[in-house]
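Q: Mapping of the sequence shown onto full-length UniProt numbering: position 256 corresponds to residue 256, and the numbering continues sequentially without gaps. Positions of the beta carbon are idealized from the N, C-alpha and C atoms, including for glycine. All values derive from a computational prediction rather than experimental measurement. What follows is a structure written as structure tokens; I'll ask about it next.
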Amino acid sequence: MGCSQSQNTVTPVKSLKPGQTDVNSGKKVNKLLSRDEVEEICKKYGFKIDAQKIDLSFKHLGDDGAEEIAQFIQFSKNIKHVNLKSNSLGREAAEHLGRALQLNKSLEILELQSNELGYEGSLILFQALRTNNTTLKELNLEFNSIGEDGGVAISQQLNGMKGGLIKLCLGSNDLKDRGVLELIKVLTSQGSKIQEVKLQYNEVTDSAGDSLCVLFEGLFTPLGASMKKTMTQKEKEKLLAQIPIKRIDLSMNQFSSKLEMRLEKALEATMLSYKL
């Protein structure tokens, strides 16, 4: 597989003000545009300047197009939902979007599935979220070739992260055993705010599955006595409020039937909903 990506050093998104020059690239960073300039971007891509939702999926934006959308995001005080699915976005696009996330105070949902962010691009986004973002609630990074080391690196960024992120979609990213296990360890720890995670199609095997069973069974143990009696859904939800993560999708991985039965029992006891 070659050298481990976990040894790579990913330069964090610099907290530069719009229009400042990045000394490494020599480029101005997400130049702060006038309203007229932002209007031109909106006209080019077919949405209004006060839009709350824009869908630019499958538009072949590339990194240059992502820079323009990032300029709109940092200008807008109304935008809540941006869909940039399938636009060949890479690390450079992640840098533009990361800086926009540091400045924007309205965006709640960002869809970036089926792009080319990889290990570095995805990590840059989480570094930006960790630095200065309190409004984003949902982030979709499915199909971005993040890899096992990327999953571990993301888990480190999520550990202790403040902010509003409550739903994270990381399906189909080759996270494998170590990436998924480290993510779930963080997401089930006290202080985590994420309530829903999608980790389907990540080639997770029984090796990690056994550790996941132990983890979820460990969460269940303190609740066991209270959970034995018949409970209403509302009573169960109140009890499970002690566990940060509420919903998890681990479907289409590589668990054996025996392991899946054990994991299902543990998830049924600790999650409000789950998929295997």
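#1: Span of the alpha helix (DSSP H) holding Y45?
#2: Do you know offhand how far K31's Cα is from Q102's?
#3: Would you identify the three-state DSSP class for D174, choosing helix, strand or coil?
#4: Please say whether D210 and L175 have beta carbons closer to each other than 8 angstroms?
#5: Within 10 Å of its beta-carbon, does V152 have 16 or more other beta-carbons around it, so buried, or fewer, so exposed?
#6: Pick out whichever of T131, K80, Q156 and L125 has its Cα sitting closest to the Cα of I184.
#7: Just the C-alpha distance for K236 and I245, rounded to the nearest angstrom, thanks.
#8: Quick one: is K43 buried, meaning 16 or more other Cβ sit within 10 Å of its Cβ, or exposed?
#9: Can you look up V82 in the DSSP assignment and give me helix, strand or coil?
#10: Under 8 angstroms, do C169 and E142 count as touching if we go by C-beta distance?
#11: Roughly how many angstroms lie between the CA atoms of residue 277 and Q113, to the nearest whole one?
#12: Ignore the nearest five residues each way along the sequence and tell me which others in G90's own chain have a CB closer than 8 angstroms to its CB.
#13: So, at 7 angstroms on beta carbons, what are the nonlocal neighbours of V23 in its own chain, with the 5 sequence-adjacent residues on each side left out?
A: Taking the definition as stated:
#1: Looking at the DSSP string, the run of the alpha helix (DSSP H) that includes Y45 is R35 to Y45.
#2: 14 angstroms
#3: In this structure, D174 counts as coil in the three-state DSSP scheme.
#4: D210 is positioned such that its CB atom lies no closer than 8 angstroms to that of L175.
#5: buried
#6: Per the Cα distances, Q156.
#7: 14 angstroms
#8: exposed
#9: strand
#10: yes
#11: A question about residue 277 goes unanswered here, because the residues of the chain that appear run from 1 up to 276.
#12: D63, N115, E116, L117, G118 and G121
#13: Because V23 sits at a pLDDT of 42, beneath the cut-off of 50, its placement in the model cannot be relied upon, and the point is left open.
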